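Counted from 1, the sequence shown has number 5 at position 6 by numbering that gives the first Met the number 0; the numbering is strictly sequential.
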Amino acid sequence: MQGTARRMVQTLAISKELTSMAAVQERFDLRYATDDRFFTEWFEDLPVLTEGDRTTLAYLQQRFFEHRHRGSLPEGTVDKLIVSPLLDLAGLYDARFTLRTEAQVEIVLKDREELLQGRIDTLILQEQLWVLVVEAKNTTLSLSVAIPQALTYMMAGSSGDHPIFGVVTNGDEFRFIKLLKLPATSPYFDLSDIFSLLPPHRSKLEQVLQVLKQINRTLTDFDR
Numbered sequence: 000m001q002g003t004a005r006r007m008v009q010t011l012a013i014s015k016e017l018t019s020m021a022a023v024q025e026r027f028d029l030r031y032a033t034d035d036r037f038f039t040e041w042f043e044d045l046p047v048l049t050e051g052d053r054t055t056l057a058y059l060q061q062r063f064f065e066h067r068h069r070g071s072l073p074e075g076t077v078d079k080l081i082v083s084p085l086l087d088l089a090g091l092y093d094a095r096f097t098l099r100t101e102a103q104v105e106i107v108l109k110d111r112e113e114l115l116q117g118r119i120d121t122l123i124l125q126e127q128l129w130v131l132v133v134e135a136k137n138t139t140l141s142l143s144v145a146i147p148q149a150l151t152y153m154m155a156g157s158s159g160d161h162p163i164f165g166v167v168t169n170g171d172e173f174r175f176i177k178l179l180k181l182p183a184t185s186p187y188f189d190l191s192d193i194f195s196l197l198p199p200h201r202s203k204l205e206q207v208l209q210v211l212k213q214i215n216r217t218l219t220d221f222d223r
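This is the structure in structure tokens:
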């Protein structure tokens with residue numbers, strides 16, 4: 000009689016299987032960064048915006064508020080109203096980057112005999128390196144739903160010695176992620192503060208654009 004047959008690889012949907020930080024961290028031995036200087040791109044030495052940037056942001060903000068006032072918005076509308084225009088303003092649609100939408104992702108975890116599958120809303124690459132993963136959600140969903148999913152997608156990416164950045168948003172709020180994967184060590188990450196676009200807070204939309212521009216500038220520095 001033959002030995003025990005190998006178990007079949009189980010195919011799982013990322014959006015359904017990895018819905019908590021605990022699940023993602025356990026799957027990938029993923030850890031929070033302990034160095035306070037690991038992720039300074041979201042708050043330190045941010046680029047100065049032009050008057051043209053500020054004028055465009057004021058228009059985008061007002062337009063978003065008008066649509067949002069009527070009720071919740073699906074993720075496709077969030078992308079068209081606010082995410083795509085911001086990426087364009089930040090220079091992340093420039094020709095030196097490669098843009099993919101609805102990018103198919105597969106991650107094989109051999110030790111668990113699992114195949115994780117999903118689709119990234121927007122993926123931006125520089126040559127063959129993943130540089131930015133964008134995950135947009137319905138305005139009714141919390142960012143706590145989007146972060147585990149985005150981190151899983153980021154773990155699928157090739158980044159060499161460079162970090163991979165992520166941004167998650169439900170339209171009302173934005174949050175940035177930085178992930179670093181190095182050989183012979185556990186991958187580690189950190190999160191920015193939450194940037195809210197809705198009253199009663201002062202809109203943080205200008206800061207969101209500044210962080211996106213800063214990410215672009217960081218990638219340029221890597222090329223030098």
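Here a beta-carbon is modelled for each residue, glycine too, at the ideal position from N, C-alpha and C. For clarity, every value in this text was computed on a predicted model and none was experimentally measured.
Each residue's CA atom was taken as its position, placing residue 211 and residue 108 some 32 Å apart. Taking all protein chains in view, the Cβ of residue 156 is crowded by 16 or more other Cβ atoms within 10 Å, so the residue is classified as buried. Proximity to residue 184 across 160, 123, 80 peaks at 160, based on C-alpha coordinates. A Cβ-Cβ contact shorter than 8 Å links residue 162 with residue 178. CA-to-CA, the gap between residue 63 and residue 8 works out to about 44 Å. For residue 55, the three-state secondary structure derived from DSSP is helix. Taking each of 206, 187, 182 in turn and checking the Cα distance to residue 174, the smallest one comes out for 206. In this structure the stretch 142 to 153 lies against the stretch 162 to 171, because at least three pairs of beta carbons, one per stretch, are closer than 8 Å. Rounded to whole angstroms, the Cβ separation of residue 154 and residue 38 is 17 Å, and the two are not in contact under 8 Å. Closest in C-alpha terms to residue 194, from the list 188, 47, 203, 187, comes 203.
In the same chain as residue 215, and ignoring 5 residues on each side of it, the C-beta atoms closer than 7 Å to its own belong to 89, 90, 91, in chain order. Sequence-distant Cβ neighbours of residue 17 in its own chain, meaning closer than 6 Å and more than five residues away, are 23, 147, 151.
At the C-beta level, residue 29 and residue 125 stay beyond 8 Å of one another.
In terms of CA proximity to residue 69, 138 leads the group 138, 120, 180, 133.
Rounded to the nearest whole angstrom, the C-alpha separation of residue 54 and residue 48 is 10 Å. Distance from the CA of residue 12 to the CA of residue 190, rounded to the nearest whole angstrom, comes to 24 Å. In this chain, residue 181 is not harboured by any alpha helix (DSSP H), its DSSP state being neither H nor E. DSSP lists no beta-bridge partner residue for residue 218.
Of the residues assessed, residue 186 falls on the buried side of the cut-off, its CB having 16 or more other CB atoms within 10 angstroms. In this structure residue 149 is buried. Its beta-carbon is surrounded by 16 or more other beta-carbon atoms within 10 angstroms. Per the C-alpha coordinates, the member of 118, 127, 128 positioned closest to residue 134 is 118.
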